[in-house]
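Mapping the sequence shown onto my numbering, position 63 (from 1) lands on 85, and the numbers just tick up by one.
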Amino acid sequence: MNIIEIYRDGIKCSYSFIISIFSFVILFSFVKFKREKNELIQIEDENLRHHSDFKMTICIRQDLGMGRGKVASQCGHAVLGAYKKAIKRHPKMVEAWERSGQAKVVLKVSFKELLESERRAKEKNITSCLIKDAGRTQIAAGEYTAIAIGPGPSELIDEITGEYKLL
């Protein structure tokens, strides 16, 4: 064996070692993620036993002067966004909401209340989807217009949005 062969063998060993370490890290991360996800689902299942009423609320800003069609569009964006998030994060919650009739309540809020609702939803680990307008029609680009909160237990959602008026 000459020096070049030893050098090549050393590089091969180094690559093999690095690939082994990298594979171990990925496998460990996957197992940890899977365990945490299973623990969250188990907690979610236990919490669902204590609730029988589920809903989603949609909060619409009233200070923007949106037309009825624009309001309907923003509600649709918010509901679809929240549903997509919830189906990934809380599938059992979505199933319970669907079984209970998919209740949705539309409320009117100010800009401050819209942001406060998002903050409270995050604190309570309730799915939410805050909508920022693209600015193609009535509203300036980047303006927050709506938020959907839920689906989730009605009692928890009422703690977030219970003080707001119906649209």
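From the three backbone atoms N, C-alpha and C, an ideal C-beta is built for every residue, glycine too.
This structure is a prediction, so every number in the text was calculated from the model and none was measured.
Does the beta-carbon of residue i have 16 or more other beta-carbons within 10 angstroms, so that it is buried, or is it exposed?
i	result
Lys144	exposed
Glu61	With a pLDDT of only 46 at Glu61, under the threshold of 50, the placement of this residue in the model should not be trusted; the figure read from the coordinates follows. Counting Cβ neighbours within 10 Å, Glu61 comes out exposed, since fewer than 16 surround it.
Lys59	Here Lys59 scores only 49 on pLDDT, less than 50, and its place in the model should not be relied on; the value that follows carries that caveat. Under this definition Lys59 is an exposed residue.
Ser132	exposed
Pro175	buried
Val53	A caution first: Val53 carries a pLDDT of 49, below 50, which makes its placement in the model unreliable, though a value can still be read off. Val53 is exposed by the Cβ-count criterion.
Ser150	buried
Ala94	exposed
Pro173	buried
Ala156	exposed
Ala163	exposed
Kindly indicate which residue of the options has the alpha-carbon position closest to the one of residue i.
i	options	result
Lys134	Asn147, Cys97 and Ile169	Ile169
Glu165	Ser95, Glu117, Arg83 and Lys110	Arg83
Lys154	Arg111, His99 and Glu185	His99
Lys107	Glu181, Met78 and Arg158	Met78
Glu177	Ile148, Lys130 and Leu189	Ile148
Val127	Lys187, Ile80, Asp75 and Glu181	Ile80
Leu86	Lys130, Val116, Ser122 and Val101	Lys130
Ser139	Trp119, Tyr186, Ala156 and Asp75	Tyr186
Glu117	Ile182, Gly184, Ser74 and Gly91	Ser74
For the alpha helix (DSSP H) containing residue i, name the first residue and the last one.
i	result
Leu129	Here Leu129 belongs to no alpha helix (DSSP H); instead the beta strand (DSSP E) covers Lys126 to Val131.
Gly89	No alpha helix (DSSP H) contains Gly89, which DSSP labels as neither H nor E.
Ile179	Ser176 to Thr183
Starting from residue i, trace the beta strand (DSSP E) in both directions and tell me its first and last residue.
i	result
Arg83	Phe76 to Arg83
Just list the residues that DSSP pairs residue i with in beta bridges.
i	result
Lys154	Tyr166
Ile171	Thr79 and Ser150
Lys114	Lys114 is not bridged to any residue.
Lys187	Lys130
Hey, residue i and residue j are a contact pair by Cβ (cut 8 Å); roughly how many whole angstroms apart?
i	j	result
Gln160	Met115	The Cβ separation is near 34 Å, so there is no contact.
Ile182	Arg142	4 Å
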